[in-house]
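One structure is given here, and the rest of the page talks about it.
There are 2 protein chains.
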Amino acid sequence: MSKKIPHRLYLTEEQMPKQWYNLRADMKELPAPLLNPGTLQPAKLEELYPVFCEKLAEQEMDNTTRYIDIPEEIQDFYKMYRPSPLIRAYNLEKALGTPAKIYYKFEGNNTSGSHKLNSAIAQAYYAKEQGLTGLTTETGAGQWGTALSEACAYYNLPLTVFMVKVSYEQKPFRKSVMQTFDAEIIASPSNTTKIGQMILSKDPNTGGSLGCAISEAIEKAVSTPGYRYVLGSVLNQVLLHQSIIGLESKAAMEMLDEYPDIVIGCAGGGSNLGGLIAPFMQDKLTGKASPRILAVEPASCPSFTRGKYAYDFCDTGRVTPLAKMYTLGSSFMPSANHAGGLRYHGMSPILSKLYHDGYMEAVAVEQTKVFEAAVFFAKQETILPAPESAHAIRAAIDEALKCKETGEAKTILFGLTGTGYFDMTAYNAFLNGSMSDYIPTDEDLQKGFDELPEVPNQ
Amino acid sequence: MSKKIPHRLYLTEEQMPKQWYNLRADMKELPAPLLNPGTLQPAKLEELYPVFCEKLAEQEMDNTTRYIDIPEEIQDFYKMYRPSPLIRAYNLEKALGTPAKIYYKFEGNNTSGSHKLNSAIAQAYYAKEQGLTGLTTETGAGQWGTALSEACAYYNLPLTVFMVKVSYEQKPFRKSVMQTFDAEIIASPSNTTKIGQMILSKDPNTGGSLGCAISEAIEKAVSTPGYRYVLGSVLNQVLLHQSIIGLESKAAMEMLDEYPDIVIGCAGGGSNLGGLIAPFMQDKLTGKASPRILAVEPASCPSFTRGKYAYDFCDTGRVTPLAKMYTLGSSFMPSANHAGGLRYHGMSPILSKLYHDGYMEAVAVEQTKVFEAAVFFAKQETILPAPESAHAIRAAIDEALKCKETGEAKTILFGLTGTGYFDMTAYNAFLNGSMSDYIPTDEDLQKGFDELPEVPNQ
């Protein structure tokens with residue numbers, strides 16, 4: 001049973017990317033600019049400075065620089081847990097009886113348990129470089145909060161994390177990990193901010209949402225001297241940092257003389273998806289190749305498949321700049337879906353534009369089917385996936401089963417963003433049959449659409 | 459900041475060991491044989507068959523075969539999560555300001571979260587090969603139980619795990635992971651076995667111990683047709699399988715032109731320690747090199763440093779063969795120490811013999827000092843260590859600090875056996891200051907010694 005293609009391929013340190021790739025530089029049409037929420041005019045760079053670290057704001061606005069050097073200090077940090085392996089899912093293929101070749105890029109081999117650390121360390125680095133005295137952020141599933149806690153501890157930067165209440169309650173140990181890295185954790189909505197107080201006064205029992213935690217984190221950042229706000233998804237800068245996932249994947253596949261027919265990623269705000277697909281999308285945009293690119297989102301929070309492509313706020317409190325994106329409306333309050341990291345009303349503006357222009361597809365999947373795939377995968381591949389990641393697994397399995405029907409030996413690449421060690425409450429619910437699927441009605445969604453901000457000439 | 463030695467070194471699949479190394483073949487004097495508990499005479503191979511899988515019993519008794527082929531199917535499974543990385547702890551060194559070079563072998567990159575999978579998959583494979591219909595085992599911290607659940611799910615082998623009650627209660631999510639892999643989990647002592655009933659009748663509030671869970675697992679195995687019992691530590695066969703840790707470590711260090719001055723491992727039953735040190739101990743036994751070899755155990759359960767070298771039962775119920783080992787007495791009931799995996803009264807007979815003959819050293823460390831090291835390490839190296847593993851970290855840091863004083867640039871290698879994702883209750887206790895150190899008094903220990911079995915001429 002000798003195999004030419006190894007189970008796990010790691011690049012060497014020398015082969016690791018030294019630059020991030022900025023997808024915007026190759027887009028035929030750029031994503032619509034952020035708008036100043038006061039004037040509804042395109043936001044100027046300086047207008048972002050009160051909220052964002054300056055260097056990160058520059059990256060946010062940079063639509064032209066194709067490759068951006070990764071500072072050496074960040075490269076060195078990356079080397080502590082990267083390169084991540086590209087894994088050939090031999091056992092999964094065998095168990096499915098599919099002729100498809102399934103590869104996955106596994107990002108869970110670090111304490112944060114996910115790909116989030118790739119952007120967290122970059123953002124902490126730039127914050128330290130600017131001499132900031134602290135950061136605020138929000139976290140849904142807890143992966144981003146953990147990653148940023150880790151990065152901030154490394155740079156001795158104080159950090160306050162607003163954690164979506166439903167996750168705070170479902171994942172007590174997530175909180176403990178962040179506290180191990182010295183972060184202050186506040187369940188959101190909270191009484192520590194004006195916006196939190198307002199949301200609680202409307203609905204004292206709300207489980208919270210990412211949109212509402214973002215509002216609180218921004219309020220705290222702008223009201224604390226020397227502090228700025230950072231975000232783990234949605235933003236262009238985050239997709240830039242996460243491009244390392246795709247760049248490593250592509251380099252590893254090239255070493256194996258492989259190229260994916262389909263690239264699959266789970267989609268919440270788009271950080272993993274945007275990073276994984278970046279260099280493959282580049283090939284598509286420049287006519288070098290034409291892989292299918294598939295976003296997988298939860299049926300409970302279906303921004304791509306049932307949202308509107310419109311200008312919207314990134315937060316519930318309506319304090320952020322407006323972004324043009326697929327959105328369910330910033331007032332949309334998702335059900336207590338266990339895949340907390342995918343519970344966001346909007347979607348990366350870059351990915352939204354590419355989806356709108358037909359460069360990628362999207363599919364929404366139900367939670368119980370996602371966990372079914374997660375458990376099946378865990379038994380074959382010895383990795384317990386995070387529920388978020390399992391959305392991509394579900395779609396990869398479905399595509400592999402289609403290949404079984406047609407007899408096609410397609411090459412599938414998906415992103416396994418992280419591990420599910422802190423998601424055992426959800427696994428329990430699935431295993432004991434108490435997990436249900438929630439799909440919002442058209443009426444539910446209409447409420448969110450009705451409150452979309454009015455923006456002229458969009 | 460270019461470095462010749464990478465942060466992480468992975469062997470290629472071709473470089474992975476294809477044979478396990480049997481340390482006994484190079485020992486000047488062999489460990490004393492197991493004794494039949496009825497006759498107190500050396501146990502014959504066939505006498506082990508009712509309890510153990512035949513092939514594993516053979517490995518248990520094989521004192522002469524130096525290298526044993528790893529079946530191809532096991533090699534293929536290993537490739538799903540191995541080789542594990544040898545990591546140069548650049549950041550830890552920097553934070554300590556030590557001239558020492560610190561390396562660690564990280565075994566946590568699989569769902570079981572620890573090195574235990576190395577032996578679990580081997581034991582499940584041989585059980586399947588023999589046509590067994592099920593297995594029983596015990597688990598302390600839950601790492602072994604998780605690993606074996608994973609291995610048994612892979613081979614569709616039913617598994618019952620007796621989980622030490624204190625861990626069962628402290629680590630509810632460990633249980634969930636095992637259940638995800640279809641294992642049946644029973645808190646030990648339980649009412650499902652006679653021995654469990656007896657132990658409970660004496661002390662209904664006991665937190666249990668590994669020794670007592672072993673008794674229950676054996677009772678269930680011998681009373682269920684087609685079942686056998688398997689164990690994740692202590693036994694010779696387990697150290698054999700775990701030799702892959704040391705073999706990979708040594709191969710990786712050779713590629714870097716490095717050789718350790720000190721090899722450090724945490725010691726509960728000895729599975730990790732025995733595996734990690736195997737090829738370095740070989741060098742020592744054969745006069746090729748003379749590295750210091752250091753076992754680190756909890757001060758709350760100090761088998762090496764305060765135990766007796768004597769024949770004892772491996773379990774509380776006194777149904778196992780007797781092994782000559784460093785022991786606190788099979789009736790010793792350790793305190794609710796959080797490092798559950800190290801709460802065992804005895805120690806591998808192989809390691810006991812080597813320690814007795816002066817080939818290795820041992821040190822006992824207090825729990826709060828262990829967690830202090832764990833948190834410090836996590837902040838520098840982006841890995842959240844299991845409490846068990848953190849015992850080795852504590853000692854490695856202490857050795858590195860000694861180097862700082864003396865100015866010596868020693869090369870330190872330690873085993874990082876696993877991750878602490880399921881140990882957040884313990885981390886919490888440390889962080890909020892409620893963790894205490896328990897050190898048994900001489901009187902406490904004497905009670906265990908008083909009940910050691912009487913074995914003539916030992």
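Heads up: the sequence lines are chains A and B, in that order.
For the first sequence, my numbering begins at 1 and goes up steadily by one.
For the second sequence, my numbering begins at 459 and goes up steadily by one.
Cβ coordinates follow ideal geometry from the N, Cα and C atoms, glycine included.
Fair warning: this is a prediction, and the values are worked out from it, not measured in the lab.
Residues that residue i contacts on chain B, provided the C-beta gap is smaller than 7 Å
i: M424/A; result: F631, S634 and V635
i: L56/A; result: Result: empty, since nearest Cβ-Cβ is about 21 Å, beyond 7 Å.
i: A153/A; result: K837
i: Y81/A; result: T840
i: V375/A; result: T638
i: T111/A; result: A836, T840, I841 and L842
i: Y10/A; result: Y468
i: E258/A; result: Simply none; closest approach about 17 Å.
is_contact[residue i, chain B] using C-beta, thresh 9 Å
i: P456/A; result: no
i: T417/A; result: no
i: N118/A; result: no
i: I70/A; result: no
i: K344/A; result: It should be pointed out that residue 344/A corresponds to Tyr in this sequence rather than to Lys. Closer than 9 Å: no.
i: G145/A; result: no
i: E13/A; result: yes
i: Y104/A; result: no
Cβ neighbour criterion (16 or more within 10 Å) applied to residue i
i: M713/B; result: exposed
i: T12/A; result: exposed
i: A867/B; result: exposed
i: T441/A; result: exposed
i: S188/A; result: buried
i: K811/B; result: buried
i: L34/A; result: buried
i: L859/B; result: exposed
i: T591/B; result: exposed
i: P508/B; result: exposed
i: S572/B; result: buried
Contact under 9 Å by Cβ, residue i with residue j
i: A252/A; j: L9/A; result: yes
i: D895/B; j: E824/B; result: yes
i: T320/A; j: G307/A; result: no
i: M360/A; j: A310/A; result: no
i: L809/B; j: L871/B; result: no
i: M80/A; j: N110/A; result: yes
i: T595/B; j: V619/B; result: yes
i: E169/A; j: I195/A; result: no
i: H345/A; j: L231/A; result: no
i: F313/A; j: S330/A; result: yes
i: V622/B; j: C670/B; result: yes
i: G246/A; j: L276/A; result: yes
i: F639/B; j: S607/B; result: yes
i: K782/B; j: A501/B; result: no
Distance cut-off 8 Å: residue i Cβ against heavy atoms of the ligand ADP
i: L235/A; result: Although the ligand ADP was asked about, the structure shown includes no ligands whatsoever.
9 Å Cβ cutoff, residue i in contact with chain A
i: P464/B; result: yes
i: N438/B; result: Since the displayed chain B opens at 459 and closes at 916, residue 438/B lies outside it and no answer follows.
i: F872/B; result: no
i: D534/B; result: yes
i: S847/B; result: no
i: T597/B; result: no
i: T556/B; result: no
i: T864/B; result: no
i: I545/B; result: yes
i: Y918/B; result: Residue coverage of chain B in this structure runs from 459 to 916, which leaves residue 918/B outside it and unanswerable.
Proximity test, Cβ basis, 9 Å: residue i and chain D
i: L842/B; result: Given the protein chain composition of this structure (A and B), no chain D is represented.
Interface residues of chain A facing residue i [CB-CB closer than 7 Å]
i: E608/B; result: T382
i: L889/B; result: Q179 and T180
Amino acids of chain A, ordered along the chain, whose beta-carbon sits closer than 8 Å to that of residue i
i: L550/B; result: The contacting residues do not exist; L550/B stays about 10 Å from chain A at best.
Within chain B, the residues that residue i reaches when beta carbons sit closer than 9 Å
i: E372/A; result: Those within 9 Å of E372/A in chain B number zero; the least Cβ separation is about 12 Å.
Entirely enclosed beta strand (DSSP E) segments - the stretch 624-689 of chain B, minimum 3 residues: 642-646 and 685-687
Contained beta strand (DSSP E) runs [length at least 3] in the stretch 707-748 of chain B, N- to C-terminal order: 720-724
Completely contained beta strand (DSSP E) runs for the stretch 765-850 of chain B, where each covers 3 or more residues: 766-771, 780-785 and 819-823
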